[in-house]
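Given below as structure tokens:
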């Protein structure tokens, strides 16, 4: 399978605990994105990387959230001191970094569903 | 501020008929648009995209139309099949300096149900 993979698929945690999610992009893609999706809404952009450089962060990404892509391959998203409002589906996507629009479509992984009790 | 809107939460069509899903946007800086399909417990799957230099793009049963003056796009599925039943999201992004911006802005989604 050469698609985007995410681990774990589900995570249940207690309020105040830290959690970390992993994303492995499609191997030839140099861009990696994180989104969050809540019930009844579309995915909301959190941050993205070009290789190992984090190029943009949404204001949704509070200081409790941190994302890394240390070697330009897989990425981790950590949430510290989780709150009940963090409960959501966390989606990872990857794309090529081509010039122009076409060919840069983002391909999504299956997501990690986080439940904060 | 909802920059991309899908005003129909749901759509129900008969197998074999046309499904038309609509999307409106407010940000005139958007210049490329995508449609994704999502099944429960899976991530969104890319369907089709269109650049603002075009007004139509076709791929098999799927056609996307873009009306820039109205800031409106639509996805046509012909003929509709029961396996098309899913949530459909439109998304918009920007291209600048020849390289696409990373961020996509999504609509809220439309649940399509195709009845046999």
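Residue numbers (the working numbering), protein chains in the order written: chain A, 66 to 182; chain B, 2 to 117.
Quick reminder that beta carbons are idealized off the backbone N, C-alpha and C, glycines included.
Here the structure is a predicted model, which means the values were calculated and not measured.
Any chance you could list the beta strand (DSSP E) runs of at least 3 consecutive residues sitting entirely within the stretch 35-64 of chain B, in chain order?
46-52 and 57-60
Tell me the rounded alpha-carbon separation between residue 152 of chain A and residue 41 of chain B.
17 Å
Which listed residue (B:115, B:7, B:81 and B:80) has its alpha carbon closest to that of residue 106 of chain A:
B:7
Flag this pair as touching only if the stretch 82-97 of chain B and the stretch 81-100 of chain A have three or more C-beta atom pairs under 8 Å; answer yes or no.
no
So residue 50 of chain B and residue 31 of chain B are in contact, right, with Cβ under 8 Å, and what is the actual spacing, rounded?
Not confirmed; about 12 Å, so no contact.
Report the partner residues of residue 101 of chain A according to the DSSP bridge assignment.
A:109 and A:155
Using CA coordinates, which residue listed in A:181, A:134 and A:150 is at the minimum distance from residue 115 of chain A?
A:134
Local conformation of residue 32 of chain B per DSSP, three classes:
coil
When DSSP builds the beta bridges, which residues end up paired with residue 131 of chain A?
A:143
Can you find a CB in chain A that lies within less than 8 Å of the CB of residue 69 of chain B?
no
Residue 111 of chain B beta carbon less than 8 Å from that of residue 48 of chain B:
no
8 Å Cβ cut-off: residues of chain A touching residue 108 of chain B
107
With C-beta atoms as the reference, is residue 140 of chain A less than 8 Å away from residue 157 of chain A?
yes
C-alpha gap between residue 1 of chain B and residue 24 of chain B, whole angstroms
Because chain B in this structure spans residues 2 to 117, residue 1 of chain B falls outside the shown range and cannot be described.
Helix or strand or just coil, what does DSSP make of residue 2 of chain B?
coil
Rounded to whole angstroms, how far is the Cβ of residue 121 of chain A from the Cβ of residue 104 of chain B, which I believe are closer than 8 Å?
6 Å
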